[in-house]
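> Before anything else, here's the structure in question.
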Amino acid sequence: MEFFQFTEEQEMLRKAVREFVEAEIAPHAAEWDEKDHCPVELFPKMGEMGITGIFVPEEYGGAGLGHVERAICLEEISQYSAGLGIALMTHHLGIAPILYFGTEEQKQKYLPDLAAGKKICGLSVTEPAGGSDFMGQKASGELKDGQWVINGRKCFITNAHVADVDIWAVVTGQDEKGRALMTAFIIDKDTPGHTTGRKEHKLGLRGSVTGDVNCVDVVLGEDAVLGGVGKGAKIAMSSIQEVGRAGMAAIAVGILRGCVEESVKFSSERILYGKPLNKLQAIQFIIAENRVDYEAAQLLTYRAASLKDVGKPCATEFSVAKLFATEAAIQAAKRTIDLMGGYGCINEYPVGRFLRDAIATIPAGGTSHVQKLIIAGSTIKGK
Ligand SMILES: Cc1cc2nc3c(=O)[nH]c(=O)nc-3n(C[C@H](O)[C@H](O)[C@H](O)COP(=O)(O)OP(=O)(O)OC[C@H]3O[C@@H](n4cnc5c(N)ncnc54)[C@H](O)[C@@H]3O)c2cc1C
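This is the structure:
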C-alpha cells in the first residue's frame, strides 16, 4: 500500500470478500446474534478464500498476503457480523505466535490446517484475577522429568469451546529480580486435563464463543514450547499488541462503516414533514460525524497495519487505532440510533447490535484505559 492508498490487488480482495460477506454472512448476522451461534461452518469456506490464513506464507498453505489485507477482511466481515469478526481475528491471533516464533516443525504441523480453516485457533492469556495485570498471571508450568505440567484457569477466551489449538502463556519461573518468567505453549484441544468451562452470555460480539479454558495437570513435551523457555511474555504481548489490537481496530472500522451506511439508508427512506429525513441539517451533521469517524479510524488502522507489513514498530500505532476506532464506534452507533428516532430501538434494524458490539470491543485486546497508558508512556518517551 502506498501511504493510505490501497493497491489494485487490495481493492480486488475487498470486492471478493464483500461479495462473500453479502452472500454468506449478511443474511444470517441478526440470527447468529440472537441465537449466539458461532458459524464455525464458515471457517473452511473462509479458508478456501484465503481469509483464515491471510498472512500465512503460501509454503504453509496460506494466502501469503499481509496485515493490511487482514484488516480489509476483518472490516468487511465486521460491517455485518462483528461477532464472526472477533472469532476470525482471534484465530489469526493464535496463528501469529506459531508463525512468528514457532519452530519449523511446529509451523509444518499446525499452520496448514489452521490456514485452511480446517482447524480453529485461540490464545488464552486473561485470568480471573484481572486481564490488565498481565504479569500477575497465576497459571503455571513446571518441568518434571523432562515434561511440562501446566495448571491454571483462563477466562474470557474467544473461541474457547471451538478452538482445536490453544496457545497459553504461563509462569515457569522467576528472573533474578523475582519477576515472573513466562513461557508460551501450544496445546491441542484433546490433551488430557485441557478442558473448557463456563461459556459467557455476552452483551455484544455475540456469535463468537467466549469462555473459560482450564488446564489441570496437562502434560506437554518440549515440542509444545513456543519460542523458547522464558520468552512467553514477549510472545503473548507482541501478539496481542500487533495482531489482537490490530484486529479489534479493524472490527471497529467495520462497525463504523455499518453506521455510515445505515444512517444514509434510513434517513433517505424515512419521510418526515413530507420530505426525506436527510434534508434536516441536524441529521446531516450525524451523517458527517459518522463519516469522519469512519475515515479517521480507517486511516489509523491501515497505517498501523502497513507499518507492520514493512516490519516497522507499530505497537503504539495499533493502540492509537484501537482506542480511537472502538470508542468512535460506540459514539457512531449511539448517534445512528438517535437519528432513527423510535426505529433505532427496534431490533429489526442492526444499529442496536452495532452499539452492543462496539461496547464489547473495548475490553477485548485491552481496555481503553490500558491503551491510554501505553500511548502516554510511549509519547512521554518521545516515541
Ligand atoms: C469479547 C471479549 C473477548 C476476549 N477475548 C480474549 C481472548 O481471546 N484471550 C484472552 O486472553 N482474553 C480475552 N479477553 C479478555 C480481555 O483481554 C480482558 O477483559 C481485558 O484485558 C481486561 O481485563 P479484565 O476484564 O480482567 O478487567 P480488569 O483488568 O479487571 O480491569 C477493570 C477496570 O480497571 C481498569 N484498569 C485496569 N488496570 C488499569 C490501570 N493500570 N490504570 C487504569 N485503569 C486500569 C480497566 O480499564 C477496567 O476499567 C476478551 C474479553 C472480551 C470482553
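Numbering (the working numbering), first residue to last: 97 to 479.
A virtual CB, placed ideally from N, CA and C, is assigned to each residue, including glycine.
#1: Can you list, in chain order, the residues of its chain with a C-beta nearer than 6 Å to that of Asp132? Leave out the 5 residues immediately preceding and following it.
#2: Report yes if the C-beta distance between Glu154 and Gly160 is below 8 Å; otherwise report no.
#3: Is the beta carbon of Ile279 less than 8 Å from the beta carbon of Gly232?
#4: Check Ser220 in the structure and name its three-state DSSP category.
#5: Say yes only if the C-beta of His133 is nearer than 7 Å to one or more non-hydrogen atoms of ligand 1, and no if none qualify.
#6: Since Val245 and Phe281 should fall inside the 8 Å C-beta cutoff, what is the C-beta to C-beta distance between them, to a whole number of angstroms?
#7: Buried or exposed, going by whether 16 or more other CB atoms sit within 10 Å of the CB of Gly438?
#8: Mind checking who Ala211 pairs with in its DSSP beta bridge?
#9: Below 8 Å, can you find three or more Cβ-Cβ pairs linking the stretch 335-353 to the stretch 285-296?
#10: If Val486 sits next to Tyr206, beta carbons under 8 Å apart, how far is it from one beta carbon to the other, in whole angstroms?
#11: Would you check if there are 3 or more beta carbon pairs closer than 8 Å linking the stretch 198-218 to the stretch 382-394?
#12: CB-CB under 8 Å to Lys468, same chain, minus the five flanking residues each way: which ones, in chain order?
#13: Let me know if Asp453 comes out buried or exposed under the rule of 16 or more other beta-carbons within 10 Å of its beta-carbon.
#14: Using only the alpha-carbon positions, how far apart do Val416 and Gly300 sit?
#15: Name the residue from Asp286, Glu413, Asp129 and Ser363 whose alpha carbon lies nearest to the alpha carbon of Gly181.
#16: How long is the line joining the alpha carbons of Cys355 and Ala429, rounded to whole angstroms?
#17: Hey, how far is the Cα of Phe230 from the Cα of Ser474?
#18: Secondary structure at Val360, three-state DSSP: helix, strand or coil?
#19: Count the other CB atoms, across all protein chains shown, that sit within 10 Å of the CB of Pro446; report buried if there are 16 or more and exposed otherwise.
#20: Whole-angstrom Cβ separation of Gly213 and Ala256, contact assumed at under 8 Å?
#21: Taking the C-alpha atoms as reference points, what is the distance between Ser228 and Phe414?
#22: Determine which residues share a DSSP beta bridge with Cys311 and list them.
#23: Going by the DSSP bridge assignment, what does Asp129 pair with across the sheet?
#24: Taking the straight line between their C-alpha atoms, what separation do you get for Arg110 and Glu238?
#25: Would you decide whether His187 is buried or exposed? Buried here means 16 or more other CB atoms lie within 10 Å of its CB.
#26: So, at 8 Å on beta carbons, what are the nonlocal neighbours of Arg114 in its own chain, with the 5 sequence-adjacent residues on each side left out?
#27: Look at the Cβ atom of Thr463, then the Cβ atom of Glu358, and state whether they are nearer than 8 Å.
#28: Once you ignore the five residues that flank Met69 on each side, which residues in its own chain have a CB closer than 8 Å to its CB?
#29: What does Gly269 pair with, by DSSP beta-bridge criteria?
This is what the structure holds:
#1: Translated into the one-based positions of the sequence shown, residue 132 becomes position 36. Counting only Cβ-Cβ distances below 6 Å, and skipping sequence neighbours, we find Arg302.
#2: Locating residue 154 in the sequence shown gives position 58, counting from the first residue. Locating residue 160 in the sequence shown gives position 64, counting from the first residue. In this structure, Gly160 lies closer than 8 Å to Glu154 by Cβ.
#3: Looking up residue 279 in the sequence shown gives position 183. Looking up residue 232 in the sequence shown gives position 136. Residue identity differs from the one stated: residue 279 is Thr in this sequence, not Ile. Not closer than 8 Å, so no.
#4: Counting from one through the sequence shown, the residue named residue 220 turns up at place 124. It is a strand residue.
#5: The sequence position of residue 133 within the sequence shown is 37, counting from 1. It does not: the Cβ of His133 is nowhere closer than 7 Å to a heavy atom of ligand 1.
#6: Within the sequence shown, residue 245 is the residue found at index 149, counting from 1. Within the sequence shown, residue 281 is the residue found at index 185, counting from 1. Not a contact, Cβ separation roughly 11 Å.
#7: By 1-based counting over the sequence shown, the position of residue 438 is 342. Counting Cβ neighbours within 10 Å, Gly438 comes out exposed, since fewer than 16 surround it.
#8: For the purposes of this step, residue 211 is identified with residue 115 of the sequence shown, where counting begins at 1. According to DSSP, Ala211 bridges with nothing at all.
#9: no
#10: Past the boundaries of the shown model lies residue 486; the chain is included only from 97 to 479, so the question cannot be answered.
#11: no
#12: Here residue 468 corresponds to residue number 372 of the sequence shown, with the count starting at 1. For Lys468, where only same-chain residues beyond five positions count, the Cβ hits under 8 Å are Leu419.
#13: As a first step, residue 453 is located in the sequence shown; it is residue number 357 there, counting from the start. With 16 or more other Cβ atoms within 10 Å, it is buried.
#14: Residue 416 sits at position 320 when you count from the first residue of the sequence shown. Residue 300 sits at position 204 when you count from the first residue of the sequence shown. Cα to Cα, the separation comes out at about 22 Å.
#15: On the sequence shown, residue 181 is found 85 positions in, with the first residue counted as 1. Checked all of Asp286, Glu413, Asp129 and Ser363; the closest Cα to Gly181 is Asp129.
#16: Translated into positions along the sequence shown, residue 355 becomes position 259. Translated into positions along the sequence shown, residue 429 becomes position 333. Taking the straight line joining both Cα atoms gives about 6 Å.
#17: The residue given as residue 230 occupies position 134 in the sequence shown. The residue given as residue 474 occupies position 378 in the sequence shown. Taking the straight line from one Cα to the other gives about 18 Å.
#18: Residue mapping note: residue 360 aligns to position 264 of the sequence shown, counting from 1. In this structure, Val360 counts as helix in the three-state DSSP scheme.
#19: The sequence position of residue 446 within the sequence shown is 350, counting from 1. Label assigned to Pro446: buried.
#20: Residue 213 sits at position 117 when you count from the first residue of the sequence shown. Residue 256 sits at position 160 when you count from the first residue of the sequence shown. Going by Cβ atoms, the distance from Gly213 to Ala256 rounds to 18 Å, so no, they are not a contact pair.
#21: As a position in the sequence shown, residue 228 is number 132, starting the count at 1. As a position in the sequence shown, residue 414 is number 318, starting the count at 1. Roughly 17 Å between the two C-alpha positions.
#22: Here residue 311 refers to the residue found at position 215 when the sequence shown is read from its first residue. Gly248 and His290.
#23: On the sequence shown, position 33 is the one that residue 129 refers to. Looking at the DSSP assignment, Asp129 forms no beta bridge with any residue, so it has no partner.
#24: As a position in the sequence shown, residue 110 is number 14, starting the count at 1. As a position in the sequence shown, residue 238 is number 142, starting the count at 1. When rounded, the distance between both Cα atoms is 46 Å.
#25: As a working note, residue 187 is residue 91 in the sequence shown. Buried, since its Cβ has 16 or more Cβ neighbours within 10 Å.
#26: Locating residue 114 in the sequence shown gives position 18, where the first residue counts as 1. Cβ within range, chain order: Glu172.
#27: On the sequence shown, residue 463 is found 367 positions in, with the first residue counted as 1. On the sequence shown, residue 358 is found 262 positions in, with the first residue counted as 1. Not in contact: Thr463 and Glu358 (Cβ atoms no closer than 8 Å).
#28: No information on residue 69 is available, as it lies outside the stretch 97 to 479 that the chain covers here.
#29: Counting from 1 along the sequence shown, the entry for residue 269 is found at position 173. Per DSSP, Leu277.
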